[in-house]
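Below is one structure; the comments refer to it alone.
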Amino acid sequence: MEANRTRALLVFGTRPEAIKMCPLVNELKSRPQEFETRVCVTGQHREMLDQVLRVFDVVPDYDLNIMKQGQTLFDITCAVLQSFKNVLEEERPDIVLVHGDTTTSFAAALACFYLHIPVGHVEAGLRTHNLQSPWPEEFNRQAVDAVCEYHFAPTETSAQNLLNEGKPANRVFITGNTGIDALKTTVRDDYDHEALEWAHDSRLILITAHRRENLGEPMHRMFRAIRRVMDEHPDVKAIYPVHMNPLVREAAHAELDGCNRLRLIEPLEALDFHNFLARCYLVLTDSGGIQEEAPGLGKPVLVMRDTTERPEGIKAGTLRLVGTDEDAIYQSFNDLLNNDDVYGEMARANNPYGDGHACSRIAEILRGNHELAF
Ligand code: UD1
Ligand code: UDP
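Take the sequence shown: its position 252, counted from the start at 1, is 276 in our numbering, and no numbers get skipped.
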């Protein structure tokens, strides 16, 4: 039996990767006769990663602990490439699993390529086809897909993107998104929190922002638009768990401090954030993962970006791309608050991202049971 086990090494480093990879870690660990499962975290994020590891009870076998304040893409790429090489040489896994589009995933996949170790890409095939937006994520995900053996595409659209690029059809599998697996375990009817109590008499707006291409003036414009709308709507309260990037924090405090119906708080644990999402009225964000979580919960999302690799949520009617222009965000946000028809159109629960069984499908595919993908 021992000889038949697949030696799988999962590597991730940031909050969203952890939220979508921890359910897979736990799935593989629940099959000890099929998999020998090892976990390496790069620590590209520190506090925000540790929050997720706690919620899912995952204890890494390796922690590269690379995070530096204000780290550059050079810092992350070089540190991961060099330190992950040592882990790969020690472990010599049958397969390395990486997620999505972070620099951790890109550098880890590159290290595997250099050592001829097969890679499986979880959440493969998302594309904007614009290397500048999101930057550097569009490059990262294309580069991972260029070297990997298994493409676990969350949706038909992402699978089609890969086929259009000439990836072999027998290496592309539609599994659903593992983020939906996570959501299924975190959202609870009886959930409560002091901040939700504070907002219970109002429509609650949930805000997040962090994209590198939005740092600086675009982010200031986003926050100024939000401030204007908040000032004009006394029946609305907002909660904004601020990303730990110091540049995001500076912009958020500069534009949003002093508005007593808008609370800037520390990043929420995934369990809390998912339940806030389930209770809020609408979301303003530039996040990727939230664009997948909100459609299933029927929460309208104004996406403060120029492009999205999640067209399924736009098609479902839940997401609207509003860019980063101050007036455009102001108008769309106002419209959604003032017009019940517009709101009603967007607030229909429709989840295009899977049925919450993506992890077991990935496990079966890794064991050679390919027909189990949808
Ligand atoms: C990273 C990913 C991005 C992903 C995002 C999720 C890259 C290039 N970027 O962007 O794709 O969408 O994570 O949030 O891979 N910090 C802390 N503590 C933490 C986390 C971050 O202090 O727990 C601060 C540090 O100063 C760090 C900075 O935030 O240097 C930026 O973190 P970094 O991972 O480089 O970029 P993100 O914008 O978080
Ligand atoms: N999230 C969280 N706490 C927060 C804000 C977000 O747990 O305070 C979760 C959210 O539910 C989603 C993920 O973090 O699963 C999104 O992460 P982020 O926006 O940082 O990255 P992206 O998805 O854009 O890569």
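A virtual CB, placed ideally from N, CA and C, is assigned to each residue, including glycine. Predicted, not measured: the structure shown is a model, and the values here were computed from it.
| Check | Outcome |
| --- | --- |
| Does the Cβ of Ser311 lie closer than 7 Å to at least one heavy atom of ligand 2? | yes |
| With distances taken from CA atoms, which of Pro376, Val253, Glu241 is nearest Pro335? | Pro376 |
| Under the criterion of a Cβ to heavy atom distance below 7 Å, does Ala294 qualify as lining ligand 2? | yes |
| Taking 7 Å as the cut-off, is the C-beta of Ile204 nearer than that to any heavy atom in ligand 2? | no |
| Compute the minimum distance between the beta carbon of Met268 and the heavy atoms of ligand 1, and state whether it is under 7 Å. | yes |
| With 16 as the cutoff for other CB atoms within 10 Å, does Met25 come out buried or exposed? | Any reading at Met25 needs caution, since the residue's pLDDT is 45, under 50, leaving its predicted position unreliable; the model's value is listed next. It is exposed - the Cβ of Met25 has fewer than 16 other Cβ atoms within 10 Å. |
| In whole angstroms, what is the alpha-carbon distance linking Gln95 and Thr127? | 11 Å |
| Would you mind reading off the limits of the alpha helix (DSSP H) that contains Lys416? | With the chain running from 25 to 398 in the structure shown, residue 416 is simply not present. |
| Measure how close the beta-carbons of Arg29 and Glu58 come, nearest whole angstrom, since I'm counting them as under 8 Å. | 6 Å |
| Going by the C-beta, is Ile100 closer than 7 Å to any heavy atom of ligand 2? | no |
| Just the Cα atoms here: how many angstroms apart are Asp74 and Glu290? | 14 Å |
| Under a CB-based cut-off of 8 Å, is Glu350 close to chain B? | Chain labels in this structure do not include chain B; a single protein chain is all it has. |
| Helix, strand or coil for Cys64? Go by DSSP, reduced to three states. | strand |
| So does Glu237 have its beta carbon nearer than 7 Å to some heavy atom of ligand 1? | no |
| Under 7 Å: does the beta carbon of Met328 sit that close to some heavy atom of ligand 1? | no |
| I need the boundaries of the beta strand (DSSP E) containing His175, first residue and last residue. | 174-177 |
| Look at the Cβ atom of Ala135, then the Cβ atom of Leu105, and state whether they are nearer than 8 Å. | yes |
| Just to confirm my understanding: we take His217, look at its own chain, exclude 5 residues before and 5 after, and list those with CB closer than 8 Å. What are they? | Asp296, Asn299, Phe300 |
| Is it buried or exposed for Gln93, if we count other Cβ within 10 angstroms and need 16 for buried? | exposed |
| Mapping DSSP to helix, strand and coil, what is His244? | helix |
| Applying the criterion that 16 or more other CB atoms from any shown protein chain within 10 Å of the CB defines a buried residue, is Asn110 buried or exposed? | exposed |
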